[in-house]
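Worksheet for the structure shown next.
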Amino acid sequence: MSLEEPSPDAGAIEAVPQTADELADLLGDRVLDREEHVNAPGFVVRPDEVQDVLFTLRDEAGYDHLSCVTAQEYEDRYESIYHLKKYDDPTDEVSVVVPTPSDAPVSQTAEPVYRTADWHEREAYDLVGIDYDDHPDLRRILLPETWQGHPLSRDYDQSRPQVVALREHANPLQEDQRAGDGDTMFLNIGPHHPATHGVLHVKATLDGEQIADLESDIGYLHRCEEQMCQQGTYRHQIMPYPDRWDYISAGILNEWAYARAAEDLADLEVPEYAQVIRTMSAELCRIASHMLAVGTFALDVYGDFTAIFMYAVRDREKVQNILEDLTGQRLMFNYLRLGGVVWDLPEPREEFFEKIRDFLDDLPESLEEYHDLITSNEILQSRTVGTGVLPPEVAKSYGATGPVARGSGIDYDLRRDDPYGYYDELDWDVITDDGCDNFSRLFVRLREVEESAKIIEQCVDILEDWPEDERTIQSNVPRTLKPEADKEIYRAVEAAKGELGIYIRSDGTDKPGRFKIRSPCFSNLQTLPEMSEGEYVPDMIASLGSLDIVLGEVDR
Amino acid sequence: MPVPLQATGTATPTGTAANGTAGAAPPSAPLADAISGLLGGGLLGDVVGALLGAFLIANLMLIMTAVAGPWAKRKITAAFTDRIAVNRIGPFGLLIIVADAVRLLSKELVIPDGADRPAFDIAPIVLPFSALLGFAVIPMGNGIHLADPETGLVFAFAASSIASLGLIMAGYASNNKYSLLGGLRSIAQNLAYEIPLVITAASVVIFTGTLQMSGIVAQQTETLINVGGIRIPQWFAFVNPFAFVLFLAANMAEIGRNPFDIPEAPTEIVAGYQTEYGSVYFVLFYLGEFIHIFLGGAIMATLFLGGPAGPILPGFLWFIIKIWAFFLFTQWARSAIPRVRIDQLIEIGWKGMLVLSFANLVLTAIIVGVIA
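One line per chain: the protein sequences are R and Z, in this order. Every letter in the first sequence is one number past the one before it in the numbering used here, and letter 213, counting from 1, is 453. Every letter in the second sequence is one number past the one before it in the numbering used here, and letter 211, counting from 1, is 1231.
Okay, here's the thing in structure tokens:
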């Protein structure tokens, strides 16, 4: 079976390859070698057959989700890994490993297969230095365009600081007219703009008030998080960093991404009690994060600091108070540990539970308030319904996840589809809405808050009845973790914004050999031009708000 | 009383005593004439009276703006959003007005590169003065009425729409694309809304048969109906509530407040036409906007709410209450109503409000014609 001869009969389509061996058969002699990653089988393919292989895997094996592209440099070669998943079943994973020689790191681009590869490969080029052949727009994405060298490559001189002065950047005030005929106007939206939610720079070409062309310029908040994680030890030094990716109070969700990847890598057990606490605190974070998303979205559509924003912040504040009681922190929680959590619930426990229950009791009422003010408001509906449309096929191609994907009717939630923590023991639903527009994404978030509340309530019930002598908060984890060399894992959790994945390759030391973060915002933000082209500026702003990006996570 | 110019100055001290009571007696006399009468009349008296009257009314408006801008707006918005707002300086934080004034005026006045001067400098002056000009013909009760020309209503609209000129000047002179977008938006918006606004006001004129503000107010003092001994006056908001609502909506667009604050739209085009303005120029814009809101409220009060009429309290107080009620309404809308998109606004204006306002006009004309 090859790409040129797609099997015409329905019977063959049903027989989608399941096991690694079947996939190997499907790919035939395009597989040079097989690898075993902890999460998935890996197939080594030639750099000039990348598209061919990915097309086959996408169209004939159903791997429609390019979750992440990891690039790294070994002593003797460069390597790009395409982490593929299925939207229907994210546990069905496969890695396509593309080695390229050190002296000529040129690999075929995957962009025609998965649109999301565009940015992922640009990042790989920027940080590691792999050239992607036929890539439509291979430029630096996170670092300034005048940067010298590729920071994650082996010959990069880390000791030489590079200062890129403002004058070395492209001058945004020059060359205003694009498209020659002068009917359009080029407009820089950001990096300092009230609605970009951080330092995002959107280069917009306007035709009147409508968006003719749009390009996001990111990287203003790049802090070398991957590199910092590679320089920290598994046991303690990495855990504080995830709090700083999606810093909008989604800290514990992010920490869980690292915890899950590292625990699976090092075969650590997590006590059930700790899993319940993790689940509860993570959902609290999700509520806090969604509250802010709803509030700022309202801000974008309403204009000034309005009641909804303040109400949302008020409710978020309650969650933060609970999280502060639990973790001692309001933003940078650093609460999870490999093998559990750092400490037990605060004493007196009854008081803590009561505080959570009070919050949960008030929540339906305040959600009603939001629905009154936002979703049932006719002006808001006329502003958001049918604008910023992201069809499910496009969303999948861009690797959109989280509320963005669920607002496009894609029933995809790692908490249910790739269960971790205590989620599969609890009773809750995945919210989807097939409106595909700004309104759907807003609506999904509001409904997800309800579901998170359900989860928290059940967790509180469980924790209340937990026998006192069985409250193990951490399993027995060695002081120094040294996973065996060349073990590779890619694990993701459902963070507030979507699928937050971590790729770790161990090199036998107590620090990761390669640490790659798959940021949901990074992939989601890529869909902005699809949603906004042809729309009015205000709708583009609303779409941006509905994507709920955090630049700390986009730029890492 | 043709008194030679040089003689007026000397005649004033005696003239004041003689004419003092007589000049102030009829409450409907315009303020300028009253002052002129106090001063003994004559050309100089007229000039000084006009200037002094204008000075008083302008200052009254500026004081109201000063209270509204830095203090009342914050307090009202805070009340809508569960906050406390300014409460540190002075009683109820009132002295924040002083602090804010000093802060704003002491900032550096930055003129952007490539700004088109003097348009850039004139724009912030045009805006507040156009709004202040409109107050010249507004009867505020207790004889506070600067001028009462026969074309009073038309003058008020004409004066207030000069503001558009200021906005477009600010928009293109700032050499900033956001400003340009804001300026263009404000023109599109004003075109779409001024026509329904004036047409709706014309339906009131059909009732009154005069454009003179005092005539419009006088007409509304008549009794509409007596309900259990309580006399309901013939306010046009009661006579034609449909026109009132229409006018209210168009007025919100005219003064550019939510849901029609599209020319500013902070989250879309930063601050629209005023993006590049700071320091004194910004203060002038800010003043202008607030005076504009008050002028909008004043025109509404005069046309639909009986002007300064009201029970117990003096007319002037009622007038102030009415325009503050309108201000409160704009702040309420600001906190609770999302902004519409520019194309939706144009659609509402041209396809909705224009048709409705003409329907209202024709219906009113027919009804008035049949009854009369």
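For glycine and all other residues, C-beta sits at the position ideal for the given N, C-alpha and C.
Those residues which DSSP pairs with residue i across a bridge
i, result
"R:CYS676", "According to DSSP, which records beta bridges pairwise, R:CYS676 is partnered with nothing at all."
"R:ALA714", "Per the sequence shown, the amino acid found at residue 714 of chain R is Gln instead of Ala. R:GLN714 pairs with R:GLY580."
"Z:THR1243", "Z:PRO1253"
"R:TYR638", "Its beta-bridge partners do not exist; DSSP assigns none."
"R:GLN348", "R:ASP373"
Exposed unless 16 or more other CB atoms sit within 10 angstroms - verdict on residue i
i, result
"Z:VAL1382", "exposed"
"Z:LYS1127", "exposed"
"R:ASP397", "exposed"
"R:HIS432", "exposed"
"R:ILE781", "buried"
"Z:VAL1130", "exposed"
"R:THR310", "buried"
Proximity below 8 Å, CB of residue i to CB of residue j
i, j, result
"R:CYS676", "R:LEU630", "yes"
"R:ASP657", "R:ASP329", "yes"
"R:HIS375", "R:GLU361", "yes"
"R:GLY639", "R:THR259", "no"
"R:TRP485", "R:GLY792", "yes"
"R:VAL293", "R:PRO339", "no"
"R:LEU266", "R:THR296", "yes"
"R:ASP423", "R:ASP453", "no"
"R:ALA499", "R:LEU576", "yes"
"R:ASN494", "R:LEU740", "yes"
"R:GLU313", "R:SER393", "yes"
"R:LEU654", "R:GLU587", "no"
"Z:GLY1292", "Z:TYR1198", "yes"
"R:ALA732", "R:SER307", "yes"
"Z:ILE1215", "Z:LEU1315", "no"
As assigned by DSSP and simplified to three states, the class of residue i
i, result
"R:MET425", "strand"
"Z:THR1287", "helix"
"R:HIS323", "strand"
"R:SER489", "coil"
"R:ASP750", "coil"
"R:HIS375", "coil"
"Z:THR1220", "helix"
"R:ALA311", "strand"
"R:ARG317", "strand"
"Z:VAL1087", "helix"
"Z:LEU1333", "coil"
"Z:HIS1312", "helix"
"Z:SER1377", "helix"
"R:ALA435", "coil"
"R:LYS756", "strand"
"R:GLN621", "helix"
"R:ALA522", "helix"
C-alpha distance - residue i paired with residue j, whole-angstrom precision
i, j, result
"Z:SER1194", "Z:ALA1285", "17 Å"
"Z:PHE1305", "Z:PHE1349", "21 Å"
"R:ARG270", "R:THR627", "43 Å"
"R:ALA533", "R:LYS694", "20 Å"
"R:PRO718", "Z:ILE1116", "60 Å"
"R:LEU686", "R:GLY785", "14 Å"
"Z:MET1320", "Z:ILE1313", "11 Å"
"R:LYS443", "R:PHE537", "21 Å"
"R:ASP611", "R:THR624", "According to the sequence as given, residue 611 of chain R is His; it is not Asp. Taking the straight line from one Cα to the other gives about 14 Å."
"Z:ASN1278", "R:GLN450", "22 Å"
"R:VAL559", "R:PHE573", "13 Å"
"Z:ASP1102", "R:GLU710", "44 Å"
"R:GLU509", "R:ILE488", "29 Å"
"Z:PHE1258", "R:ASP555", "42 Å"
"Z:THR1384", "Z:ILE1219", "11 Å"
"R:GLY251", "R:PRO643", "Only weak support exists for where R:GLY251 lies, its pLDDT of 42 falling under 50; the value from the coordinates is given anyway. Roughly 35 Å separates the two Cα atoms."
"R:ALA344", "R:ASP261", "31 Å"
"Z:PHE1112", "Z:THR1097", "15 Å"
"R:SER715", "R:LYS595", "28 Å"
"Z:GLN1294", "R:VAL334", "55 Å"
"Z:LEU1147", "Z:MET1160", "22 Å"
Residue i Cβ short of 7 Å to the ligand GTP heavy atom set
i, result
"R:GLN515", "As far as ligands go, the structure on display features none, and thus does not contain the ligand GTP."
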